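Working notes for the structure below.
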Amino acid sequence: MIRTRFAPSPTGLLHVGNVRTGLFAWLFARNLGGSYLIRIEDTDQERSERQFEDQIYEDLRWLGLDWDEGPDIGGAFEPYRQSERREIYRTHAEHLIEKGHAYWCFCSEQELDQAAEAARQSGEFWKYPGTCRDLSKSDIQKRFAANDPAVVRLRVRSGVIRFRDIVHGDMEFASDVISDPILLRSDGWPTYNYAVVVDDAMMKITHVIRGDDHLSNTPKQVLIYEALDMPLPEFAHLSTILGPDHTRLSKRHGATAVSQFREAGYLPEAMMNYISLLGWSPVSEGSEILPGDELIRQFRLDRVNKSPAVFDTHKLNFINRHYLKTSPAAGELVSRELQRSDWMPQAEGDSWMAMVMDTVVPTVDKVSEIPDRLTQMLEFSLEDSSDIQDTLGDSGAIEMLRQFLAELDSRDQLTTAQFREIAGKLKESSKRKGKQLFHPVRAALTMKSSGPELDKLIPLIETAAKYDLHHVARCRDRVRDFLVRYG
RNA sequence: GUCCCGUUCGUCUAGCCCGGUCCAGGACACGGCCCUUUCAAGGCUGUAACACGGGUUCAAAUCCCGUACGGGACGCCA
């Protein structure tokens, strides 16, 4: 039975690099019909906050992930928050001491720091010298009696440490470069390297999937597995995600938190699809648009790339544009955005939505751009005529527009069908067609030389005007005002 | 300083383990063409990469050695 986990620290918003790890572990488990669980690594009491933990669940759910065990839903290996597992870490540490795999260390943090600093200054390699490795029982008693602060350290064995990494291959480290790691701090809290191993072992995690910044920590952890007499899991260390300047992705690069992408109007399907393509590639060539179930079906951990990946907003946008046009969830999202920005008529919401989905949504990268795009399409300002100079200098065009206005005056709300009929008449009387015909009409209607097809734009204008959305003016008024000013 | 990891089109990558089918394939971006009243979309198409240097071999992106550059670990952070 495959078991993977995602183990974030609740010290901030969930990051793109982090979710990628969580996503890959999820895809892997689901592909093989295994279990996926969430564990919260909150042993850093200073920086951990409950609010971040809740945000993490929300972000993961939004993305479309689900889990079989976790702090919020429980499971067979509770508790799933490290802060609630202190007893467990302590008990295991005591066993390790009994078996001689670990020992109490009373060396002061300050002294050790100084020694390490001195070594670094002189450019020398430094590791913990093992001062407390062989303290006698009575020495230890004395120190405890004196209330000296103590940590528990692992006794690093000699010899080569080997483990398998699914993405990097076989790994080999010499143990003599490894300092005896601290398992329990003097305040009784476990260190990261110790807590992960105890938890992963006890929770029967079969595949440890995480960022490759942990690759160099793994030999230490392997030693802890050995001391605990627990079987080694398979490891998979994923590369880092970089910004466009090839440095680690961070706030400097703009949006990096999952919640920021959600707020910007990206669809979860698009996010999942794009992120899965960062360091992994499907076997099939051609389109890389793959919905969640297809990602699960195709995902293979051994096809994960070792080298760092640069986050590319262009490609994310491309994928998001696709889902905006095809996802059933897009309509709901667009509708909410229209309501939020007062671009939704009280009545006729359905036909208005259909128009928006058909003519404005295909022109944006993300939902949040829709209000601006609508403004841009529907605004009408007589002031700036720079875009339509050719129409202004064309008396034939102006003459035609007068006829156009006459036709409009006899009609209440202009429909697409009526517009086509009028266009047919104008074509006949003015002997104009194509660009000659439509360009001046567009100019009088929008003061611009480009935009959506008039067939689609006109009902958009008329509907918006009917409900006075953002003070959009109706077609008749536009043409009249245009002729008053430029005719 | 020591140890570890990484390096294929601008970007994400396939190929590398099991050398020839790769004068390197796909996707995004970019350019061109088509469609079209215009823009976008869509269809077609083009430009573009094996970090460098040695070796092994009839043959190397693929195997070996070295160099350079980038990243990580060496914490009572995770």
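Note that our numbering numbers the first sequence so that position 21 is 561, with each residue one more than the last. Note that the Cβ used here is the ideal one computed from N, Cα and C, for glycine as well. Remember, it's a predicted structure, so these values are computed and weren't measured experimentally.
Considering only the alpha carbon of each residue, which of 541, 614, 571 lies closest to residue 834? Out of 541, 614, 571, 571 has the C-alpha closest to the C-alpha of residue 834.
Buried or exposed (CB count within 10 angstroms, at least 16 for buried), residue 761: The C-beta of residue 761 has 16 or more other C-beta atoms within 10 Å across all chains shown, which makes the residue buried.
For residue 575, the three-state DSSP class (helix, strand or coil): If DSSP states are grouped into helix, strand and coil, residue 575 belongs with the strands.
Can you have a look at residue 948 and say buried or exposed, based on whether 16 or more other CB atoms are within 10 angstroms of its CB? Here residue 948 is buried: its Cβ has 16 or more other Cβ atoms, across all protein chains shown, within 10 Å.
According to DSSP, is residue 769 helix, strand or coil? It is coil, neither helix nor strand.
Out of 776, 586, 813, point me to the one whose CA is closest to residue 859's CA. When only C-alpha atoms are compared, the closest one is 813.
DSSP bridge partner residues for residue 820 (one or two, in chain order): Its beta-bridge partners are 844.
Roughly how many angstroms separate the alpha carbons of residue 779 and residue 819, rounded to a whole number? Cα to Cα, the separation comes out at about 7 Å.
I'd like to know if the segment 547 to 563 and the segment 791 to 801 are in contact, where contact means that at least 3 CB-CB pairs between them fall below 8 Å. In short, these stretches touch, since the Cβ pair count reaches three.
Using the Cβ count rule (16 or more neighbours within 10 Å means buried), how would you classify residue 837? Exposed.
Any 3 or more C-beta pairs closer than 8 Å across the segment 596 to 603 and the segment 627 to 636: Result no; under three Cβ-Cβ pairs closer than 8 Å.
Ranges of the alpha helix (DSSP H) found wholly within the segment 603 to 685, counting only runs of at least 4: If we require 4 residues or more, the alpha helix (DSSP H) runs fully inside the segment 603 to 685 come out as 626 to 638, 649 to 661, 677 to 685.
Mark residue 775 as exposed unless 16 or more other C-beta atoms lie within 10 angstroms of its C-beta, in which case mark it buried. Buried, by the Cβ-count rule.
Would you call the CB atoms of residue 906 and residue 806 closer than 7 Å? The answer is yes: Cβ separation under 7 Å.
Drop a sphere of 10 angstroms on the beta-carbon of residue 854, count the other beta-carbons inside from all chains shown, and report buried for 16 or more, exposed for fewer. Residue environment: residue 854 is assigned as exposed (fewer than 16 neighbouring CB atoms within 10 Å of its CB, all protein chains considered).
Return the residue from the list 736, 670, 871 that minimises the CA-CA distance to residue 546. Distances from the alpha-carbon of residue 546 to those of 736, 670, 871 put 736 closest.
Let's see if you can read the secondary structure: which residues bound the beta strand (DSSP E) around residue 962? Residue 962 -> not in any beta strand (DSSP E); alpha helix (DSSP H) instead, spanning 956 to 970.
Between the CA atoms of residue 602 and residue 842 - distance to the nearest angstrom: Taking C-alpha positions only, residue 842 is separated from residue 602 by approximately 27 Å.
Between 694, 561, 681, which lies nearest to residue 669 when the distance is taken from Cα to Cα? Measuring from the Cα of residue 669, the nearest candidate turns out to be 694.
Please report the Cβ distance between residue 609 and residue 577, rounded to the nearest whole angstrom; I am assuming they are in contact, meaning their Cβ atoms lie under 8 Å. Confirmed, about 4 Å.
State the DSSP-derived secondary structure class of residue 983, mapped to helix, strand or coil. Residue state, collapsed to three classes: helix.
What runs of the alpha helix (DSSP H), each 4 residues or longer, lie entirely inside the segment 865 to 914? Whole alpha helix (DSSP H) segments, 4+ residues: 868 to 880, 889 to 895.
Tell me whether residue 1018 is buried or exposed, calling it buried when 16 or more other Cβ atoms sit within 10 Å of its Cβ. Residue 1018 sits buried, since 16 or more C-beta atoms from the chains shown fall within 10 Å of its C-beta.
Just curious, the beta strand (DSSP E) that residue 1067 is in, first and last residue? Shown here, the chain extends from 541 to 1027; a query on residue 1067 therefore has no answer.
For residue 712, report the span of its alpha helix (DSSP H) as first-last. In the DSSP annotation of this structure, residue 712 is not part of any alpha helix (DSSP H); the continuous beta strand (DSSP E) holding it starts and ends at 709 to 714.
For residue 545, three-class secondary structure by DSSP: When secondary structure is reduced to three states using DSSP, residue 545 falls in the strand class.
Which class does residue 936 belong to by DSSP, given the choice of helix, strand or coil? Residue 936 falls in the helix class under three-state DSSP.
DSSP state of residue 749 mapped onto helix, strand, coil: Strand, per DSSP.
How about residue 733: is its Cβ closer than 6 Å to a heavy atom in the ligand SAM? Absence of the ligand SAM from the depicted structure is noted, as is the absence of any ligand whatsoever, leaving it without description.
For residue 994, the first and last residue of its enclosing alpha helix (DSSP H): The continuous alpha helix (DSSP H) containing residue 994 extends over residues 994 to 1006.
Closest residue to residue 725 among 1022, 704, 710, 691 (Cα-Cα distance): Comparing Cα-Cα distances from residue 725 to each of 1022, 704, 710, 691, the minimum goes to 691.
The alpha helix (DSSP H) that contains residue 834, what's its start and end? Taken as a continuous stretch (DSSP letters only), the alpha helix (DSSP H) holding residue 834 covers 832 to 838.
If residue 617 and residue 711 are in contact, beta carbons under 8 Å, what's the gap, nearest whole angstrom? No, residue 617 and residue 711 are not in contact; Cβ-Cβ is about 27 Å, not under 8 Å.
Closest by C-alpha distance to residue 911, when choosing among 869, 558, 1010, 943: The candidate whose alpha carbon is nearest that of residue 911 is 1010.
Buried or exposed by the 16-neighbour rule on C-beta atoms within 10 Å, applied to residue 1022: By the 10 Å Cβ count, residue 1022 comes out buried.
So, using beta-carbon positions, are residue 815 and residue 918 closer together than 7 Å? Taking 7 Å as the Cβ cut-off, residue 815 and residue 918 do not qualify as a contacting pair.
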